[in-house]
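The next block holds one structure in the form of structure tokens; read it before the comments.
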Amino acid sequence: MEKIINQLKNKNLVILKKDELEEIIFQCEVVKEEDTFLSGKIRILKFETVIIIQEENTKDEIILRLFKSIADAEEFINKRLQTYNNMWDGCGCKVNYYEV
Numbered sequence: 001m002e003k004i005i006n007q008l009k010n011k012n013l014v015i016l017k018k019d020e021l022e023e024i025i026f027q028c029e030v031v032k033e034e035d036t037f038l039s040g041k042i043r044i045l046k047f048e049t050v051i052i053i054q055e056e057n058t059k060d061e062i063i064l065r066l067f068k069s070i071a072d073a074e075e076f077i078n079k080r081l082q083t084y085n086n087m088w089d090g091c092g093c094k095v096n097y098y099e100v
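The sequence shown begins at 1 in my numbering and counts up by one.
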């Protein structure tokens with residue numbers, strides 16, 4: 001987990017294979033979990049004092065992002081869920097999972 005945290009601190013975004021997710025979640029506290037109904041679950045994970053968003057894209061990649069606070073992470077999730085909601089309504093919008 002320390003290696004991933006160091007990568008996040010340097011890049012703000014880490015992409016993992018789907019089978020690596022279980023090891024990450026096992027080591028973290030799941031603070032919040034929401035089902036996107038389009039692209040798996042999106043979670044706020046906490047490892048010691050580090051706050052991470054974990055989401056899955058349509059390529060079955062796991063994307064981790066570092067956040068300064070749980071409030072910032074919750075805001076990110078709310079915006080992401082709103083985008084998914086808009087997608088259900090046929091807005092034609094897409095999620096850029098690689099945006100930092």
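Note that CB positions come from ideal geometry on N, CA and C, so glycine has one too.
Item: Please state whether the Cβ-Cβ distance between LEU45 and VAL14 is less than 8 Å.; Value: no
Item: Taking DSSP as the reference, what is the three-state secondary structure of GLY19?; Value: A small correction: the amino acid at residue 19 is Asp; Gly does not occupy that position in the sequence shown. In this structure, ASP19 counts as helix in the three-state DSSP scheme.
Item: When you compare the CB positions of ILE62 and GLU34, do they come within less than 8 Å of one another, or not?; Value: no
Item: Spell out a yes or no on whether the stretch 82–89 and the stretch 43–57 are touching, meaning 3 or more CB-CB pairs, one atom from each, closer than 8 Å.; Value: no
Item: Taking the C-alpha atoms as reference points, what is the distance between CYS93 and ARG80?; Value: 11 Å
Item: In the DSSP assignment, what are the bridge partners of VAL14?; Value: LEU64
Item: Hey, out of LYS18, GLU2, ASN12, VAL50, whose CA is closest to LYS59's CA?; Value: LYS18
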